[in-house]
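One structure is given here, and the rest of the page talks about it.
Following this line, the structure appears as structure tokens:
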């Protein structure tokens with residue numbers, strides 16, 4: 008039997024496509040294909056959001072609705088992406104210790 012044989016219902020095979028996951032990594036939020044949805048309470052806040060969106064060259068659908076609470080989660084996620092953290096490499100055993108004692112790392116802080 009071939010390893011490529013799929014046992015099961017065909018309609019369940021593409022189930023991830025119908026759900027809300029972003030399977031197309033090239034489509035970024037804030038572009039024409041995937042605009043950001045924002046709900047605000049007032050026209051003044053809408054003007055602020057429009058200025059922020061124009062400053063960062065994004066595309067957003069802004070809805071003014073006083074009955075709903077403000078929802079700017081998608082916009083905040085795009086604007087404040089976490090940066091990759093880098094750590095300093097620990098010294099090798101025979102390198103001088105980073106504490107400044109002058110001893111080898113293996114005899115001092117290891």
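Numbering (our numbering), first residue to last: 8 to 117. Ideal Cβ positions, reconstructed from N, Cα and C, are used throughout, including at glycine. Since the structure is predicted, the reported quantities are computational estimates derived from the model, not experimental observations.
| Asked | Found |
| --- | --- |
| Segment limits, beta strand (DSSP E) that includes residue 54 | Careful: residue 54 lies outside any beta strand (DSSP E), inside the alpha helix (DSSP H) at 50–62. |
| For residue 36 and residue 81, the rounded distance between their alpha carbons | 8 Å |
| Option nearest residue 40 by Cα separation, candidates 68, 98, 89 | 68 |
| Reduced DSSP category for residue 66 - H, G, I as helix; E, B as strand; rest coil | coil |
| For residue 103, the nearest candidate out of 97, 111, 96 (CA to CA) | 111 |
| Reference residue 101; option with closest CA among 53, 66, 117, 64 | 117 |
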